[in-house]
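Reading through the structure tokens given below for one structure.
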Amino acid sequence: MLRDITIGQYYREESVIHRLDPRVKLAGTFIYIILLFIFDNIWGYALATLAFAVVVKASRIPLKFILKGLRPILFLLLLTVFFNMFFVTGTHVILQYGIIRITWEGLKSAAFMGIRLILLILGSSLMTYTTTPNHLTDGLEKGLNWMNKFKVPIHEIAMMMSIALRFIPILLEETDIIMKAQSARGVDFEHGRVWTRAKNMVPILVPLFISAFRRANDLARAMEARCYRGGEGRTKMKPLVYARRDRAAYLLVVVYIALLIAGDRTLAYFL
Amino acid sequence: MSIVLDKVSHIYDLGTANERFALKDISLQIKDGEFIGLIGHTGSGKSTLVQHLNGLLKANYGTVYYNGEDIYAKDYSMKKLRQKVGLVFQYPEHQLFETTVIKDVKFGPKNMGLPQLEVDMRAFEALKQVGIGDDLLDASPFELSGGQRRRVAIAGILAMQPEVLILDEPTAGLDPKGREEILEQIARLHKERNITIILVSHSMEDVAKYAQRLLVMNRGRVVLDGAPQDIFPHYEEIEKIGLAAPQITYVMQSLKEAGLPVDTSITDLEQAVENICRYTKNVN
Amino acid sequence: MGIIQAENLVHEYIRRDEDGNVEEINRALDDINIDIQAGQFIAILGHNGSGKSTLAKHLNAILMPTEGTLWVDGMDTLDRENIWKVRQSAGMVFQNPDNQIVANVVEEDVGFGPENLGVPTEDIWKRVEECLKDVRMYEFRKASPNHLSGGQKQRVAIAGILAMHPKCIVLDEPTAMLDPVGRKEVIKTITRLNKEENITVILITHYMEEVVNADAVLVMDKGRIVMQGTPKEVFSKVDKLKEYRLTVPEVTLLAHKLRQKGVPVSKGILTTEQLVEEIKKVM
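Protein chains in written order, with our numbering: chain V, 1 to 271; chain Y, 1001 to 1284; chain E, 2001 to 2283.
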């Protein structure tokens, strides 16, 4: 049912990765992705794949489930590989058939792009699989707290994200009901020309917007009734506090960076 | 003319771990001109059932026949079916979207492709039927009171002139007077135009007062089917599935247990008064 | 002075045109005088548009009096400085269960109020546990609100208010969108809170069955309080209630009609048991 859709799905499991502070996971994922782009050689990818495998093992999420996350981007992946394979120019021709020309450089570029994209998607989805949306917002709020100094309303942004997460499933279900109700009044959403179909969205969008505004208004009033007046002076029921495992995780990230640099230098020395 | 459900089953989340029956093997016939009260607690399958009657949901097993025709047949027009079987959803006023009352009511007949004049006439008539005066035709639906908005939304379905009218809890959230007005209008439609009515409700008092036939649902099945006066004496069965009989049933039942030979099948207030008076010492 | 006291309270909604000239004045509350004592269970009845929701909004300092004064726990609601204290001492539960739950986990939602009040973390956990147990929702503390029934959601909302340690709870049609099972759950919960925790309850509703156990019933019409008394007193005036677009419970109506026919049952019968007892006497 629509109500069960969650953004960036969470996979419930008891593991050390699940228990990590969301700030560690956010920072770790961010660094991991940046490094994928900086160290784009065999060593970089090998280590990145190894690191990914270790984290997956520790997270206790079945690999099959994680790989499923690639399905929606399969087309994009193939397209990227395809373009790199055929359009990257190089000198070492492997195969030539008419205007089709595959070079060693093209093949290498395609493989690297493919691997990078796969690791990028898998790495970031691993973060959402192991972190509840609430935890993620908490992590963003506290982790980006320093941006307050630059007048970025981090608390408000985090609150909005959290409320959006709560209301998206409700509004999705409401969309479903409104669509059915308008179908009962003779609107055909499946057939007809593009223009007609676009016009048919009006009887859905207008009630949906009205409902969203009504809900927003109600919620604002309910929040005020519960003495909400912004982030100032608020305490936290679940404050984020670093534990020993979080410090250890940060240390591992540093080790990872060091290994990448060391391997890269060594590789450069020999080649 | 009738609706027939033949062994209809509907399964939610088929093929997933959450798979469950919303409707289980339902067979029943709804005859032309009946006034049916459909009751059951939340999640018993009432709303799922009514959405099968106009093809908004499709049965996983079994078939629905409308006037003898299989609605799942390839060349059957769902659009036509939905004109004939009008469905008023819960809180229908939440689906209003036009700038004026009259425009919103015209939306349904317009989608049917009727000529302009016919569309206008049907819209005016439908609004009259629900008791919305001419002074409100050009008002914005959002300026109206809650009860008026609800009636405009019902008029939007009536303007399609359906043969069967299904209303999913049409009185939810209204005040007592608003509830009574809506129910009276529905009863009048049934009486004057002989429309088949299916009223989905939580209120035993309401269905007891208006419906000729009750369908009681529990866990996706129809567990009781019959006239109110035949069903309510079985109030213990009704209680078992989390519902309650009308208060009058309880009074009559207790009086009978106390030795008063009253008729326990009575659910109508006036009849109850008359029946009880027969056995009491009256002052005058 | 009671926990809630209104003196000549008036509220006017003023509609202005584009130039700021007054176009229409709508007197939503007209000369309201009430005095509610701590620990009472008060029911406010009235049809839609009778002014009962406007009154509720005053109790929570969402609206301010146009004329007259309203004191909540001794604080004048007109005084802007009191606004958060008023909201803390008179908590408010609204009609739509979905639109008042803020967090994605039940326990976090109950913690929302205390967080706003700056309660230390440890105390928040204590309050959350206590309040969820009070409304019998403790076993659902880790659940998502989206997977609860309407009645359960309302009970979570009540716990969310309780966690602010209010003296008084105002419930604005809390059962209007619920099914009979959910309605019973909510009424049972607030009745228990009133009896056991001695919390003042102000229940706004148009379901007559829900108010038979109240200490006092106020009936509103056109912004005024037009009837006032115990449920028995108020429900004995069946015809007058009809004038105000209200109806009485079916047993009360049955008793009323029997009386009219000359069966000597007493006025203002509220339950089936009472009626049966009375009829037995005249068999």
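Yeah, the Cβ is synthetic: ideal placement off N, Cα and C, and Gly gets one too.
- Query: Cα separation between residue 1235/Y and residue 1228/Y?
  - Reply: Residue 1235/Y and residue 1228/Y: Cα-Cα distance of roughly 11 Å.
Could you check which residue in 1196/Y, 1208/Y and 1237/Y has the C-alpha nearest to that of residue 2250/E? Comparing C-alpha distances from residue 2250/E to each of 1196/Y, 1208/Y and 1237/Y shows the shortest one belongs to 1208/Y.
Requested in this report: Go ahead and label residue 89/V buried or exposed: buried means 16 or more other beta carbons lie within 10 angstroms of its beta carbon, across all protein chains shown.
Outcome: By the neighbour-count definition (other C-beta atoms within 10 Å, threshold 16), residue 89/V is an exposed residue.
Candidates 230/V, 199/V, 186/V and 23/V: closest to residue 1114/Y by CA position: Here the closest residue by C-alpha is 186/V.
- Beta carbon of residue 1042/Y nearer than 7 Å to that of residue 2179/E: A contact, by the Cβ cut-off of 7 Å.
Could you tell me the alpha carbon to alpha carbon distance between residue 1175/Y and residue 31/V, rounded to whole angstroms? Rounded to the nearest whole angstrom, the CA to CA distance from residue 1175/Y to residue 31/V is 59 Å.
Practice item. Find the residues of chain V that neighbour residue 1160/Y, judging by a C-beta separation of less than 8 Å, and give them in chain order. Key: Result: 185 and 186.
Starting from residue 2071/E, follow the beta strand (DSSP E) in both directions and report where the run begins and ends.
2067-2072 is the span of the beta strand (DSSP E), which, as asked, contains residue 2071/E.
> Is residue 2092/E buried or exposed, if buried means 16 or more other CB atoms sit within 10 Å of its CB?
Replying inline: With 16 or more other Cβ atoms within 10 Å, it is buried.
query: Which of the residues in the segment 1182-1213 of chain Y, read from start to end, lie with their CB under 9 Å from any CB of chain A?
result: Note that chain A does not occur in the displayed structure, where the protein chains are V, Y and E.
May I ask you to report which of helix, strand or coil DSSP gives residue 1249/Y? Assignment of residue 1249/Y by DSSP, reduced to helix, strand and coil, places it in the helix class.
Just tell me which of 212/V, 271/V and 145/V has its CA closest to the CA of residue 23/V. By alpha-carbon distance to residue 23/V, the top candidate from 212/V, 271/V and 145/V is 145/V.
- Query: When the distance is taken between beta carbons, is residue 2152/E closer than 7 Å to residue 2174/E?
  - Reply: Residue 2174/E is not a Cβ neighbour of residue 2152/E, given a cutoff of 7 Å.
Check: chain Y partners of residue 2047/E, CB-CB under 8 Å?
Finding: The answer, in chain order, is 1175, 1176, 1177 and 1178.
Exercise. What are the boundary residues of the beta strand (DSSP E) that includes residue 2012/E?
Worked result: In the DSSP assignment, residue 2012/E falls within the unbroken beta strand (DSSP E) covering 2004-2016.
Let me check one thing: in DSSP terms, what residues is residue 1010/Y bridge-paired to? Beta-bridge pairing links residue 1010/Y to 1023/Y.
Taking 7 Å as the threshold (beta carbon to beta carbon), is residue 1041/Y in contact with chain E?
Chain E contact via Cβ: present.
*Answer with buried or exposed for residue 1145/Y, where buried requires no fewer than 16 other C-beta atoms within 10 angstroms of its C-beta.*
The residue in question, residue 1145/Y, is exposed, as its Cβ has fewer than 16 Cβ neighbours within 10 Å.
Whether residue 2227/E touches residue 2238/E by CB criterion (7 Å): Cβ atoms of residue 2227/E and residue 2238/E: not closer than 7 Å.
task: Taking a Cβ distance cut-off of 8 Å, strictly less, list which residues of the segment 1241-1258 of chain Y are near chain E, in chain order.
output: Within the segment 1241-1258 of chain Y, the residues whose Cβ lies closer than 8 Å to some Cβ of chain E are 1242, 1243, 1244, 1246, 1247, 1248, 1250, 1251, 1254, 1255 and 1258, listed in chain order.
Practice prompt. Report yes or no: is there a C-beta of chain V within less than 7 Å of the C-beta of residue 2111/E?
Written response: Output row for residue 2111/E: interface = yes.
With distances taken Cα to Cα, identify the nearest neighbour of residue 2256/E among 2244/E, 2095/E and 2279/E. Nearest option by C-alpha distance: 2279/E.
Mind listing which residues of the segment 108-124 of chain V have their C-beta closer than 8 Å to chain E's C-betas, in chain order? Residues passing the 8 Å Cβ filter: none.
Q. According to a CB-to-CB cut-off of less than 8 Å, which residues of the segment 2108-2134 of chain E neighbour chain V?
A. Identification of residues in the segment 2108-2134 of chain E having a C-beta nearer than 8 Å to some C-beta of chain V yields 2108, 2111, 2112, 2113, 2114, 2115, 2116, 2117, 2118, 2119, 2120, 2121, 2124, 2125 and 2128, given in sequence order.
| request: Starting from residue 1094/Y, find everything on chain V with Cβ-Cβ shorter than 7 Å and list it in chain order. | output: Here the neighbours are 207 and 211.
- Would you verify that the beta carbon of residue 178/V is, or is not, closer than 7 Å to some beta carbon of chain Y? Taking Cβ atoms only, chain Y reaches closer than 7 Å to residue 178/V, which makes this a yes.
For a contact defined as C-beta to C-beta under 7 Å, what are the partners of residue 1282/Y on chain E? Here the neighbours are 2261, 2262 and 2263.
**Prompt:** Considering only residues of the segment 2093-2124 of chain E, which uninterrupted alpha helix (DSSP H) runs meet the minimum length of 4 residues and lie entirely inside it, listed in chain order?
**Reply:** For the segment 2093-2124 of chain E, whole alpha helix (DSSP H) runs of length 4 or above, ordered along the chain, are 2106-2117.
Taking Cβ-Cβ distances shorter than 8 Å, what residues in chain Y pair up with residue 2305/E? The structure shown does not extend to residue 2305/E, since chain E is modelled only from 2001 to 2283, so the question has no answer here.
With DSSP run on the structure shown, which of helix, strand or coil describes residue 1003/Y?
Strand at residue 1003/Y.
**Prompt:** Going by Cα to Cα distance, which pick from 1098/Y, 1131/Y and 1166/Y is closest to residue 1140/Y?
**Reply:** It is 1098/Y whose Cα lies nearest to the Cα of residue 1140/Y.
What does residue 51/V touch in chain E if you count any residue whose Cβ is under 7 Å from its own? Neighbours of residue 51/V on chain E: none; closest Cβ ~31 Å, over 7 Å.
| Using the beta-carbon count (16 or more within 10 Å), is residue 2069/E buried or exposed? | Residue 2069/E is exposed by the Cβ-count criterion.
Query raised in the report: Interface residues of chain V around residue 1079/Y at Cβ under 8 Å?
Result: Within chain V, the residues near residue 1079/Y are 186 and 188.
Return helix, strand or coil for residue 1277/Y, following the three-state DSSP convention.
Reduced to three states, the DSSP call for residue 1277/Y is helix.
Q.
Tell me the rounded alpha-carbon separation between residue 2/V and residue 179/V.
A. With a pLDDT of only 41 at residue 2/V, under 50, the local geometry of the prediction cannot be trusted, and the value read off the model is given with reservation. Rounded to the nearest whole angstrom, the CA to CA distance from residue 2/V to residue 179/V is 13 Å.
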